[in-house]
Every structure is written in C-alpha cells, then in structure tokens.
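Participant: Sequential numbering of the sequence shown, starting at 100, is according to our numbering.
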Amino acid sequence: MAAKLTYTKVQEYLISLVPEREPEMMVMEKYGDETGFPIIGPAAGYVCYQTARLIGARNVFEMGSGYGYSTAWFAKAVKENGGGLVHHVVWDEKLSKRAEGHLARLGYDGLIEYHVAEAVAELGKAPGPFDLIFNDIDKAAYPTSLPLIKQKLRRGGVLIIDNILWSGQVFDAKDHSKNTEAIRRFTHDITTDPDWIVTLTPVRDGLIIAYKQ
Numbered sequence: 100m101a102a103k104l105t106y107t108k109v110q111e112y113l114i115s116l117v118p119e120r121e122p123e124m125m126v127m128e129k130y131g132d133e134t135g136f137p138i139i140g141p142a143a144g145y146v147c148y149q150t151a152r153l154i155g156a157r158n159v160f161e162m163g164s165g166y167g168y169s170t171a172w173f174a175k176a177v178k179e180n181g182g183g184l185v186h187h188v189v190w191d192e193k194l195s196k197r198a199e200g201h202l203a204r205l206g207y208d209g210l211i212e213y214h215v216a217e218a219v220a221e222l223g224k225a226p227g228p229f230d231l232i233f234n235d236i237d238k239a240a241y242p243t244s245l246p247l248i249k250q251k252l253r254r255g256g257v258l259i260i261d262n263i264l265w266s267g268q269v270f271d272a273k274d275h276s277k278n279t280e281a282i283r284r285f286t287h288d289i290t291t292d293p294d295w296i297v298t299l300t301p302v303r304d305g306l307i308i309a310y311k312q
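(1) If you scan the region 139-206 from start to end, which runs of the alpha helix (DSSP H) of 4 or more residues do you find wholly inside it?
(2) Put Leu299 into one of helix, strand or coil per three-state DSSP.
(3) Assuming Gly144 and Ser115 form a contact by the criterion Cβ under 8 angstroms, report the distance between their Cβ atoms to the nearest whole angstrom.
(4) Just verifying my parser: in three-state terms, what is the DSSP assignment at Ile232?
(5) Within a Cβ cutoff of 8 angstroms, which residues of the same chain sit near Arg157, ignoring the five residues on either side of it in sequence?
(6) Write down the C-beta distance between His187 and Glu161 rounded to the nearest angstrom, noting that I regard them as a contact closer than 8 angstroms.
(7) Where DSSP assigns a beta bridge to Ile308, which residues make up the other side?
(8) For Met100, count the other beta carbons within 10 Å of its own beta carbon; 16 or more makes it buried, fewer makes it exposed. Which is it?
(9) What is the C-beta distance between Leu252 and Leu258, in whole angstroms, given that I count them as a contact (C-beta under 8 angstroms)?
(10) By Cβ distance below 7 angstroms, which residues in the same chain neighbour Leu299 in space, the five residues on each side in sequence not counted?
(11) Roughly how many angstroms lie between the CA atoms of Ala309 and Ile289, to the nearest whole one?
(12) Output yes or no for whether 8 angstroms exceeds the beta carbon distance between Ala151 and Phe173.
(13) Going by beta-carbon coordinates alone, are Gly167 and His214 separated by less than 8 angstroms?
(14) Output the boundary residues of the alpha helix (DSSP H) element that contains Val219.
(15) What first and last residue would you give for the alpha helix (DSSP H) that runs through His287?
(16) Hey, how far is the Cα of Tyr106 from the Cα of Lys129?
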C-alpha cells in the first residue's frame with residue numbers, strides 16, 4: 100500500500116531537495132527556529148530564487164523583509180542575473196541592522212537598499228517599475244496593497260505573496276477573523292483579475308505566484 104501523503108511529509112521532502120545553503124543562510128535558519136521568528140524557510144526561499152532567475156529579475160521590492168532571509172534568496176538571484184537591486188523594507192531598525200549584517204557576510208553588499216519604513220507607503224514612493232515584488236506584510240493589508248503592487252510591477256513581472264494558506268485557517272468556514280478574511284479577499288481579487296496569471300503553490304504556508312500580463 101502506498102505511503103499516506105501528509106503535509107508534514109511533503110514539506111520535509113521538499114526541504115530535502117533544496118541544494119545545500121551557505122553557512123550564513125543556515126545561521127539565519129537556526130535563528131528563526133530558535134526564536135520562533137517567521138521566515139519563509141528553505142523550500143519557499145528556493146521557489147523565490149528560482150522564480151527571480153526565470154524572469155531575469157534585477158529590480159526587486161520586498162514588502163516585509165524581516166531580518167533578511169528572503170532578501171538573501173532574491174539577492175542571490177539578482178547577482179546571478181547580472182546585478183541589480185533588492186529593496187529590503189522592514190518597520191524595525193534592529194531587524195534592518197541584523198539583516199544588513201547577514202547579507203554583508205553573504206557577499207551581497209551593493210545589491211541591497213535598506214528601508215526602515217511601512218512597506219506599502221514605501222512602495223508608493225519607490226519609482227519602479229519592478230521586475231518582482233514580494234509581499235509578506237500584515238495580512239489585513241493584503242487586499243488594499245494589491246492595486247499599488249499592480250501599478251508598480253512591470254508588465255511581465257511577478258508578484259509572490261506568502262501565507263496564503265494561513266495555517267489552514269482559510270479552509271475553516273467558521274473562521275471569520277480579520278486576517279483570514281483579508282487573505283480570502285486577496286486570493287479572490289487576484290485570481291479573478293484577468294490581468295494576472297496566478298498559481299497557488301502549497302509550499303510551507305502557501306505562496307501565490309502571479310504573472311502580470
């Protein structure tokens with residue numbers, strides 16, 4: 100009889116397929132595990148890296164960058180694409196400084212621009228257009244951020260948005276909490292907009308990868 104397919108087994112298998120990371124990336128992963136700080140993790144990070152490589156991204160804007168783990172994956176892609184800029188945006192100066200240290204040790208000096216600011220407001224001020232935008236801000240702001248993201252992303256660019264499965268809460272018909280409803284609304288809005296080609300990838304907590312036509 101075939102082994103029962105479970106979420107945990109799938110995620111563990113996906114992580115096992117990710118190529119070996121640099122020691123500093125492993126340090127960042129360990130810090131996330133030890134502190135409970137939410138990072139996208141190696142499997143989702145590798146999806147982000149591959150997507151950025153596939154489209155030749157050289158101008159990336161992150162909305163909600165934490166201490167730079169996802170930034171490192173995008174910077175790796177941008178560097179291999181010939182150079183460019185990744186905008187690291189986080190509301191907390193200590194997180195920004197921690198990210199700066201990690202990313203410098205990874206050799207990404209000159210590829211990162213650091214912003215200590217609210218992500219949606221900062222995107223509004225950024226000139227753009229961007230090749231790729233990554234969104235991992237407060238979930239309640241997902242729906243209202245979409246029109247601005249659409250405006251700032253180039254045609255042929257890609258939006259990646261995290262936590263779309265929301266630990267399974269989106270499946271619970273009784274869950275009408277603010278964040279869950281916001282994720283449902285965002286998912287509906289982007290999947291019903293003909294300007295986007297959208298897929299939901301069930302890696303970790305769910306990534307939407309959307310191509311702007």
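Beta carbons are placed, not taken as given, at the ideal position from N, Cα and C, and that holds for glycine. On a predicted model such as this, the values are computed, not experimentally measured, just so you know.
Facilitator: By the coordinates alone:
(1) Correct list: 140-153, 168-179, 192-204.
(2) Looking at Leu299 - three-state DSSP - the assignment turns out to be strand.
(3) Gly144 to Ser115, Cβ: 14 angstroms. No contact.
(4) Here Ile232 sits in strand by DSSP.
(5) The residues are Val177, Asn180, Gly181, Gly182, Gly183, Leu184, Asp230.
(6) Indeed they touch by this definition, with Cβ atoms about 6 angstroms apart.
(7) Ile308 is bridged to Ile259, Thr298.
(8) At Met100 the pLDDT is 47, less than 50, meaning the model places this residue with poor confidence; the figure from the coordinates comes in the next sentence. With a 10 Å radius around the Cβ and a threshold of 16 neighbouring Cβ atoms, Met100 comes out exposed.
(9) At roughly 6 angstroms, the Cβ-Cβ gap stays under 8 angstroms, so Leu252 and Leu258 are in contact.
(10) Hits under 7 angstroms: Ile263, Gly305, Ile307.
(11) Answer to the nearest angstrom: the Cα atoms are 8 angstroms apart.
(12) Result yes, Cβ atoms of Ala151 and Phe173 sit closer than 8 angstroms.
(13) No, Cβ-Cβ distance for Gly167 and His214 is not below 8 angstroms.
(14) Here the alpha helix (DSSP H) through Val219 covers 218-224.
(15) Bounds of the alpha helix (DSSP H) holding His287 are 277-290.
(16) Taking the straight line joining both Cα atoms gives about 22 angstroms.
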